[in-house]
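K.L.:
Numbering (this note's numbering), first residue to last: 5 to 76.
Below is the structure I would like to discuss, written out as structure tokens.
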């Protein structure tokens, strides 16, 4: 019975780790867009670099917090 409880306790940590990796990839891709100066068009709308700055900072910060939570 305790093995089932240990496995159930590990599931949220696994999800947190997967979410942290996903957010880190998004932050890295936004940082790459900023560094290389890629233009992004959505339909006819040109996405400004300020959005990438905000998303890189936000996703990077949440990824760091999620990695910390997963280690606890």
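From the three backbone atoms N, C-alpha and C, an ideal C-beta is built for every residue, glycine too.
Do you know offhand how far residue 50's Cα is from residue 23's?
P.N.:
Walking along the chain shown from the start, residue 50 turns up at place 46. Walking along the chain shown from the start, residue 23 turns up at place 19. Residue 23 has its alpha-carbon roughly 28 Å from the corresponding atom of residue 50.
K.L.:
Express the C-alpha separation of residue 52 and residue 46 in angstroms, rounding to a whole number.
P.N.:
As a first step, residue 46 must be located in the chain shown, where it is residue number 42. As a first step, residue 52 must be located in the chain shown, where it is residue number 48. Going by the C-alpha atoms only, they are around 11 Å apart.
K.L.:
For residue 37, count neighbouring Cβ atoms within 10 angstroms of its own Cβ and tell me buried if that reaches 16, exposed if not.
P.N.:
Numbered from its first residue, the chain shown carries residue 37 at position 33. The Cβ neighbour count for residue 37, taken over all protein chains shown within 10 Å, is at least 16; the residue is labelled buried.
K.L.:
In whole angstroms, what is the alpha-carbon distance linking residue 70 and residue 48?
P.N.:
Position 66 of the chain shown, counted from the first residue, corresponds to residue 70. Position 44 of the chain shown, counted from the first residue, corresponds to residue 48. Computed Cα separation, rounded: 35 Å.
K.L.:
Note down the Cα distance separating residue 66 from residue 43, rounded to an integer number of angstroms.
P.N.:
Against the chain shown, residue 66 aligns to sequence position 62. Against the chain shown, residue 43 aligns to sequence position 39. Cα to Cα, the separation comes out at about 25 Å.
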